[in-house]
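**Student:** Residues in the sequence shown are numbered from 648 upward in steps of one, following the working numbering.
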Amino acid sequence: MTLFVFFAVLAAAAMHAIWNALVKVHLDRFLSITLMTLGMGTAALVALPFVEVPKAEVWPYIIASVFFHMGYRTFLIGAYKAGDFAQTYPLARGTAPLLAAIGGMVVVKEVPAPLAILGIALLSAGTLVMSFRGGAHLEKLNLRAVGFALGTSIFIASYTLSDGSGARLAATASSYAAWLFICDALWALVLCIAFRGPRSLPVLARDWKTGLFTGVLSGAAYWIVMWAMTKAPIASVASLRETSILFAMMISVFALGEKMTGWRGAAAISIVAGVIALRLG
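Right, here's the structure in full:
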C-alpha cells in the first residue's frame, strides 16, 4: 500500500466518522438510511456523463453488491433495535475486516503479508474493545443483538469483496462506484415504497438537504475505498477503513466532551498499532 493510498483511506475513514457524528436526521432508521442512499445516488448522477457504462462482466458484481448492501442495512437496523448502538455498530465493523481477510484469501486468492495480518488483527481487536467502552454495558449486549451485529459484519465483508473485485474489473473505480450508487438508490426507493407506501416520499423530501449532504460525504468516502482496493490488498483497505471508529472516538471526546476511559485508551492504542503495522506491511 503506497503512502498516498494509505492516507486516502484514512481520509475516507475520517469522513465516515464526521458525517455519522454531525448529521442527525429526524426520521426512523429505515427512512434515514434510505434518505442517505438516495443522496448517494443523486450525487452519482452528476458523474454519470463522465464515466463509462460497465461491461457485461461487471454487472454481476454491481447486482450482488446491491443485494449485500440491502442485507447490510436490514441487519444494521435490526441490530440497532435489539441492542445499544455504541456496542452493536463497532461489533459489526470490528469483525468485518477479519471476515474480509479470510474471504479475500478464498475468493480473490489474496494473502496479506504477515505484518499486514497482525495489523488487521490489532485493528479489529481495538475496534471490538472500543464497542464495550470498558465493559460498563456488557450485560446489555444480548444474543439477539450479537446475531444481528455479526450478520451485519457478514454483509459488510461480502459487499467489500464484491466491490473490490468489481472495481478492479471495471474500466475505472469511478465508473463502478457511480453505477453502483445509482442502482442501489433505485432499489432502496423501490423497497421504501413497498414497505412504507407512497406517503413516505414527502417525508423524505422534507429532509432532502440532509440526504444530499450525507449521501455526498458517505459516497465520496466509499468511492475512495473502492479506488484504494484497486491499488492495494482488499483486506488491508477494509481494515484501515475501520479507523473511522477511532476518529469517532476522538470527536466524541474532544468535540462532545465524553469521558476518555482507560479501555478507550487501550482500544485506541491497539487501533493505532494496527494502522502502523498495515503501513509497514
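Just so you know, even glycine gets a beta-carbon here, dropped at the ideal spot from N, CA and C.
In this text, all values refer to a predicted model and were calculated from it rather than measured experimentally.
Could you compute how far the alpha carbon of SER822 sits from the alpha carbon of GLY813?
**Tutor:** As a working mapping, residue 822 is identified with position 175 in the sequence shown. As a working mapping, residue 813 is identified with position 166 in the sequence shown. So the alpha carbons of these two residues sit roughly 10 Å apart.
**Student:** Within 10 Å of its beta-carbon, does PHE894 have 16 or more other beta-carbons around it, so buried, or fewer, so exposed?
**Tutor:** Counted from its first residue, the sequence shown places residue 894 at position 247. Buried.
**Student:** Which runs of the alpha helix (DSSP H), 4 residues or longer, sit entirely within the segment 868 to 925?
**Tutor:** Along the length of the segment 868 to 925, whole alpha helix (DSSP H) runs at least 4 residues long occupy 881 to 888, 891 to 901, reported in chain order.
**Student:** If you compare alpha carbons, which of TRP826, LEU816, SER771 is closest to VAL700?
**Tutor:** Mapped onto the sequence shown, residue 700 falls at position 53. Comparing Cα-Cα distances from VAL700 to each of TRP826, LEU816, SER771, the minimum goes to TRP826.
**Student:** State the CB to CB distance for the pair ILE710 and LEU745, rounded to an integer number of angstroms; the pair is presumed to be in contact (CB under 8 Å).
**Tutor:** Counting from 1 along the sequence shown, the entry for residue 710 is found at position 63. Counting from 1 along the sequence shown, the entry for residue 745 is found at position 98. The pair is not a contact, with the Cβ atoms about 26 Å apart (cut-off 8 Å).
**Student:** Would you call PHE842 buried or exposed, if buried means 16 or more other Cβ atoms sit within 10 Å of its Cβ?
**Tutor:** If you number the sequence shown from 1, residue 842 lands on position 195. Exposed: under 16 other Cβ atoms inside 10 Å.
**Student:** How many Å lie between ALA739 and PHE795 at the Cα?
**Tutor:** Here residue 739 is taken as the residue at index 92 of the sequence shown, counted from 1. Here residue 795 is taken as the residue at index 148 of the sequence shown, counted from 1. Using only the alpha carbons, I get a separation of about 8 Å.
**Student:** If you follow the alpha helix (DSSP H) that ASP831 is part of, which residue opens it and which one closes it?
**Tutor:** Reading the sequence shown from its first residue, position 184 is the one you call residue 831. Residues 820 to 843.
**Student:** Please state the DSSP three-state secondary structure of VAL755.
**Tutor:** Here residue 755 refers to the residue found at position 108 when the sequence shown is read from its first residue. VAL755 falls in the coil class under three-state DSSP.
**Student:** Nearest to LEU864 by alpha carbon, out of ALA832, VAL693, MET683?
**Tutor:** Sequence index remark: in the sequence shown, residue 864 carries index 217 (1-based). Checked all of ALA832, VAL693, MET683; the closest Cα to LEU864 is MET683.
**Student:** Do ALA743 and ILE803 have their C-beta atoms closer together than 8 Å?
**Tutor:** Counting from 1 along the sequence shown, the entry for residue 743 is found at position 96. Counting from 1 along the sequence shown, the entry for residue 803 is found at position 156. Going by C-beta atoms, ALA743 is nearer than 8 Å to ILE803.
**Student:** How about ALA659 and GLY862: do their beta carbons lie closer than 8 Å?
**Tutor:** Translated into the one-based positions of the sequence shown, residue 659 becomes position 12. Translated into the one-based positions of the sequence shown, residue 862 becomes position 215. Contact: no.
**Student:** Apart from the five residues on each side of it in sequence, which residues of its chain come closer than 6 Å, Cβ to Cβ, to ALA783?
**Tutor:** Start at 1 with the first residue of the sequence shown, and residue 783 comes out as number 136. Summary for ALA783: the model assigns pLDDT 48, below 50, so the residue's position carries little reliability; its value from the coordinates is reported in the next sentence. Here the set comprises nothing.
**Student:** Less than 8 Å between the C-beta atoms of VAL693 and ILE871, yes or no?
**Tutor:** Indexing the sequence shown from 1 puts residue 693 at position 46. Indexing the sequence shown from 1 puts residue 871 at position 224. Between VAL693 and ILE871, the C-beta gap is not smaller than 8 Å, which leaves the two residues out of contact.
**Student:** Taking a contact to mean a Cβ-Cβ separation below 8 Å, would you say SER886 touches VAL776 in this structure?
**Tutor:** As a working mapping, residue 886 is identified with position 239 in the sequence shown. As a working mapping, residue 776 is identified with position 129 in the sequence shown. Not a contact, by the Cβ cut-off of 8 Å.
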